[in-house]
Structures are given as structure tokens and as C-alpha cells.
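All remarks here apply to the structure that follows.
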Amino acid sequence: MPRFEYAPAPESRAVVDIASSYGLFIDGEFVESASGGSLKTINPATEESLADVAVADESDVDRAVRAARRAQEKVWGPMPGAERAKYLFRIARLLAERSREFAVLEVLDNGKPIREARDVDVPTAAAHFFYYAGWADKLDHAGFGPSPRPHGVAGQVIPWNFPLLMLAWKIAPALATGNTVVLKPAETTPLTALLFADLLRQAELPPGVVNIVTGAGATGAAVVAHPGVDKVAFTGSTAVGKRIAKEIAGTRKHATLELGGKAANIVFDDAPIDQAIEGIVNGIFFNQGQVCCAGSRLLVQESVAEEVVERLKARLGTLRVGDPMDKNTDVGAINSAAQLARITDLTKAGEEEGAVRWTADCALPEQGFWFAPTVFTDVSAAHRIAREEIFGPVLSVLTFRTPAEAVAKANNTPYGLSAGIWTEKGSRILSMADKLRAGVVWANTFNRFDPTSPFGGYKESGYGREGGRHGLASYLIEGSTR
1 MPRFEYAPAP ESRAVVDIAS SYGLFIDGEF VESASGGSLK TINPATEESL ADVAVADESD
61 VDRAVRAARR AQEKVWGPMP GAERAKYLFR IARLLAERSR EFAVLEVLDN GKPIREARDV
121 DVPTAAAHFF YYAGWADKLD HAGFGPSPRP HGVAGQVIPW NFPLLMLAWK IAPALATGNT
181 VVLKPAETTP LTALLFADLL RQAELPPGVV NIVTGAGATG AAVVAHPGVD KVAFTGSTAV
241 GKRIAKEIAG TRKHATLELG GKAANIVFDD APIDQAIEGI VNGIFFNQGQ VCCAGSRLLV
301 QESVAEEVVE RLKARLGTLR VGDPMDKNTD VGAINSAAQL ARITDLTKAG EEEGAVRWTA
361 DCALPEQGFW FAPTVFTDVS AAHRIAREEI FGPVLSVLTF RTPAEAVAKA NNTPYGLSAG
421 IWTEKGSRIL SMADKLRAGV VWANTFNRFD PTSPFGGYKE SGYGREGGRH GLASYLIEGS
481 TR
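Numbering (full-length UniProt numbering), first residue to last: 1 to 482.
Shown next as C-alpha cells:
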């Protein structure tokens, strides 16, 4: 496959003004943390320090929860749904208007390619606010009984792989249903959440409706544990999700947990190979494979396995790895040194256990955190790379002979978040989807999201759904006719 050379096409970073330091966003204002502590957030592509960000402790979280409670009881909860909708529509419009600013800041803080932030993350975030704005005055007709009620204060903890998009997934349905929010962004990617706080002031959202507390794991734990939080929403690792489930067990708190995954992308011998190759690439190398629902296990029918792998390697040889701010870049930087170390350790384990490693021949920048697209063949279900979530641009290839074997191998995982099926037979798609223990099953595509469609998993991938009408349920107490 020919490799085309592209002249550099960098996006300007002048569109975004990064402050040297940021406080906490509580009750509509940026305030200092009680302890005065801070952490640095860096650009993973260059290791350049971007800003100092305040670290919230338990007293700061308490201030935020109290502000959220006041706003929920006095302003946001009693407000008619049609009025809440106006604020959500305003937020959506402002996100669209400031999309370039948010996209550039997301790239600088996260390391993902500008094409993905510009074309996927920011537009989809805005779309979630548009979508849930439409539901705000229709909750009586959403299927949750007459006059469903909000829980009250939602404590939300989001990950670093899709900082702005996960913020929208969490905040939009919470606000539409009359809840107020205390949000804790990931410690390595807080900047778009803090820019969103500025957008909320521009939208004139009442103070206290959304509060943003930054910090590391201790801050998130304080949000989850606070007795004034009625609803917990978490996206992140399964290990942390289990700790949260134990923490809130026996309390009145409701929870939505969207955790890890080890998705199977299943290719049958009648699949359109060219289309499937693009779907495989999008499934595992989108956002450097740092996606909970990434198609990190490729299951290929034996009769076409050799052809698929060779054509996949040829396609990976054309991917451009490098500066995330360049519009031509396909694969950006790994988010942190810690994540790069985990990817490196697991790929080393794959080689030691006997899998055959192939890595794309590409020059990696000297500064920053980088990992070239990698494919393992001769993988068995016992290998760590087939069982554990790598969360990086690493694909494990397994083969199967029959649909039953494909189902057995796909379901042979503690996770159950997503799966993909590639075949020309509609009946086979429906039959396979019915047997796969995955919350989302894509047919002849992968990693496609829409605010109208619910997303969530089974088993150790968590519980609850986000997106669509189903995404309202976890933020509502069902009404009763009694």
C-alpha cells in the first residue's frame, strides 16, 4: 500500500488562552482550595507543563456539595423543565460556537489527534446537551411513571480518555432531570472541564447547579463518600468501580458504573474485508486505543485470517503517528507516563508468553509518551494480552472456525461492554448479537456513538446505561400512582 507524505498542517494553539493556574469552581465562582495544594497538568505529546490546578480536599468537596444542595432545593429542582431546557440549549450552542477552542485545549491536555477532538469529541458533547435539552420538559412521558423526581445532588467522577465527552454524558442528563452536580475530572486532564466552567458562567447557569472540584484519587473518593451526595456516576477502571460499589453498599446512594472492557471484534469469512479493516483500525487505534469499548481482541474466521492480518499490517503501515496538533495525524500521544508503562509491561508479557509481536515501522518523537501501533498473533485466551485491558494501541488476534466458537471466545472474559460483528448476513448479525454478553454490539462498524442510543455494560464492565432515554433513568426516582 503506497504511503503518501503530507506536509505539516498544525492547528494553531492561539485560539485557547491557558491560565497559569486554576482554582475550584464552586457556587458559580472560581475559588482557592482550602489546603492551597495544587498539581501540574502537562501536555503528553511534549511533556510541557500547561498549568497548576488546585487540589480539593474533603472540606472543599463539602463546600461544593452544600452549594449543589442549595441550588437543587431552591432553584434548579423547582424550576420548570421547559426553563431548564433553555439553559441546556444555551450550553449546547455555546459548545458549538467555541468548538475550536475546546478541541485545541483537549488535544493539548489529553494528547489525542486534533481530527478526533474536532470531529468527534466536541460535536458529540454538544449533541448530548442538545438531545437532553429536548427531554427536560417531557419527563412525565419518558416511561418512568407520573411526575418522576430527581435524586438531588449527583457526584460524578470522569476519566482522562474523553474528558469533555464524558463530562457531557454525565452532566447533560443530570441537569435535564433536575439534579445538580459536583464533578471531579481526571487529574491528568482537567482543563476542558475548567473551560466548561467558564462556559457555564457565559450561559448564566444559576450558581451551584454545576460545581467542579479538581484533584487526584483522594478528591474523587471524597465526592463518592460525601453523605450529601444522592447519586454517584463513575466512568473509569473496574478496580476503582469495585471500590465505589463497596463504599456505597448499604447506603441510600444510587450509582451508575461504566468500567473497563475487552471487546471482541468478530470478522466472518463473508465480511467485506476492506470495510472490516477500516473498522478494525477504528476499533482499536482510535484515541490510541485508550477507549473502554476498544475492539482489542480481533476474532477472525480461520479461512480468511491470514489475508485479514496481512492487509491489516499494510494499513497500519500508512498510519501517521506524531504531533496531535497536526491535522494529518492518525495516532497521537499516550496520556501519561504511567499509562505508557502499563502498555509496555503488558506487551512485554505478551511476548514472554509466546505471542508473536508485530509493530508498525514508524519514527516516534523523542519527547512525550508514545507507543507505535502493535499487533499480536498466535494469541491464546490464556494470554494476559487477551484477558487484561491494555488501554493502548495494541491488538490481539485470535481465530475461530464456527459461530459457536466465536461466541464462546468472545464471551470468555470478565468484561461485557461492547462487541463488533462483520458479516454480510443479517440473520447471522441478529443471532450473534443475541448470544454475545455485551452491552453494545456494532454490526459492520465499530466505535459509533449517538446521544439517542444507550451505552453500558454487563459483568465487570459495570451497570446502568448512559445516553438515550435510558440515560434519564439513573437520574430519576420513578413516580407512582399511589
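The beta-carbon is built from N, C-alpha and C at its ideal position, and this holds for glycine as well.
Do residue j and residue i count as a contact pair if the criterion is CB distance below 7 Å?
| i | j | result |
| --- | --- | --- |
| Val-397 | Thr-374 | no |
| Leu-194 | Phe-129 | no |
| Ala-85 | Ala-7 | no |
| Leu-95 | Val-16 | no |
| Gly-155 | Val-223 | yes |
| Thr-235 | Ser-474 | no |
| Phe-446 | Gly-228 | no |
| Ser-20 | Ala-54 | no |
| Ala-410 | Ala-419 | yes |
| Arg-401 | Phe-376 | no |
| Arg-437 | Tyr-415 | no |
| Pro-113 | Gly-368 | no |
| Gly-145 | Glu-478 | yes |
| Trp-442 | Ala-271 | no |
| Phe-371 | Ile-334 | yes |
Name the two residues that bound the continuous beta strand (DSSP E) containing residue i.
| i | result |
| --- | --- |
| His-254 | 254 to 258 |
| Gln-202 | Gln-202 -> not in any beta strand (DSSP E); alpha helix (DSSP H) instead, spanning 191 to 202. |
| Gln-301 | 297 to 301 |
| Leu-183 | 180 to 184 |
| Ser-396 | 394 to 400 |
| Arg-357 | 356 to 359 |
| residue 492 | Here the chain comprises residues numbered 1 to 482, so residue 492 is not present and cannot be evaluated. |
| residue 530 | The structure shown does not extend to residue 530, since the chain is modelled only from 1 through 482, so no value can be given for it. |
| Ile-212 | 210 to 212 |
| Val-375 | 374 to 377 |
Would you give the residue range spanned by the alpha helix (DSSP H) that residue i belongs to?
| i | result |
| --- | --- |
| Gly-420 | No alpha helix (DSSP H) holds Gly-420; the beta strand (DSSP E) holding it covers 418 to 422. |
| Thr-219 | 217 to 225 |
| Trp-169 | 163 to 176 |
| Gly-283 | 273 to 285 |
| Glu-106 | 99 to 110 |
| Ser-38 | Where Ser-38 is concerned, there is no enclosing alpha helix (DSSP H), although the beta strand (DSSP E) it sits in stretches over 38 to 43. |
| Thr-238 | 238 to 248 |
Where does residue i sit, in a helix, a strand or coil, going by DSSP?
| i | result |
| --- | --- |
| Leu-24 | strand |
| Lys-231 | strand |
| Glu-351 | helix |
| Phe-130 | helix |
| Asp-52 | strand |
| Arg-13 | coil |
| Leu-316 | helix |
| Arg-469 | coil |
| Ala-264 | strand |
| Thr-481 | Low local confidence applies: a pLDDT of 45 at Thr-481 is under 50, so the model's placement there is unreliable, and no value is given. |
| Ile-18 | coil |
| Thr-188 | coil |
| Phe-30 | strand |
| Arg-437 | coil |
| Leu-476 | strand |
Report the CB separation of residue i from residue j in whole angstroms; it is logged as a contact under 8 Å.
| i | j | result |
| --- | --- | --- |
| Thr-189 | Asn-110 | 5 Å |
| Asp-326 | Ala-355 | Actually they do not touch by this definition, with Cβ atoms about 32 Å apart. |
| Gly-260 | Ser-296 | That belief does not hold up - the Cβ atoms of Gly-260 and Ser-296 are roughly 10 Å apart, past 8 Å. |
| Gly-36 | Glu-258 | Not quite, the Cβ-Cβ distance comes to about 33 Å (not below 8 Å), so this is no contact. |
| Ile-390 | Ile-343 | 6 Å |
| Gly-208 | Ala-67 | 4 Å |
| Pro-80 | Ser-99 | Actually they do not touch by this definition, with Cβ atoms about 29 Å apart. |
| Val-182 | Val-213 | 6 Å |
| Ala-71 | Leu-24 | Rounded, the Cβ-Cβ distance is 16 Å, inconsistent with contact. |
Out of the options, which one is the CA nearest neighbour of residue i?
| i | options | result |
| --- | --- | --- |
| Gly-77 | Lys-170, Ala-174, Glu-5 | Ala-174 |
| Arg-115 | Gly-332, Gly-368, Ser-33 | Gly-332 |
| Met-476 | Leu-200, Lys-138, Thr-413, Arg-401 | What sits at residue 476 in the sequence shown is Leu, not Met. Closest by alpha carbon: Lys-138. |
| Ala-263 | Thr-46, Glu-460, Asp-60 | Glu-460 |
| His-254 | Val-240, Arg-243, Asp-230, Asp-269 | Asp-230 |
| Glu-101 | Pro-148, Asp-121, Asp-450, Ile-212 | Asp-121 |
| Gly-322 | Lys-425, Lys-40, Ala-363 | Ala-363 |
| Thr-180 | Gly-250, Ala-276, Val-232, Pro-454 | Val-232 |
| Lys-242 | Ala-14, Arg-469, Tyr-463, Gly-471 | Tyr-463 |
| Gly-217 | Glu-247, Gln-202, Ala-186 | Ala-186 |
| Glu-353 | Arg-69, Arg-118, Ala-381 | Ala-381 |
| Val-281 | Leu-316, Gly-250, Gln-290, Lys-170 | Leu-316 |
| Leu-417 | Phe-196, Ala-294, Leu-50, Pro-163 | Ala-294 |
| Arg-69 | Thr-347, Trp-442, Val-210 | Val-210 |
| Gly-134 | Pro-148, Ala-341, Ala-82 | Ala-82 |
| Thr-399 | Asp-450, Thr-318, Glu-302 | Glu-302 |
| Leu-205 | Leu-191, Ile-171, Thr-219, Ala-225 | Ile-171 |
| Leu-319 | Leu-340, Ala-125, Thr-359, Ser-427 | Thr-359 |
Examine chain B for any beta-carbon lying closer than 7 Å to the beta-carbon of residue i, and answer yes or no.
| i | result |
| --- | --- |
| Ile-343 | No chain B is present in this structure, which holds just one protein chain. |
Is any heavy atom of the ligand ADP found at a distance shorter than 6 Å from the C-beta of residue i?
| i | result |
| --- | --- |
| Leu-205 | The ligand content of the structure shown is nil, which means the ligand ADP is not present either. |
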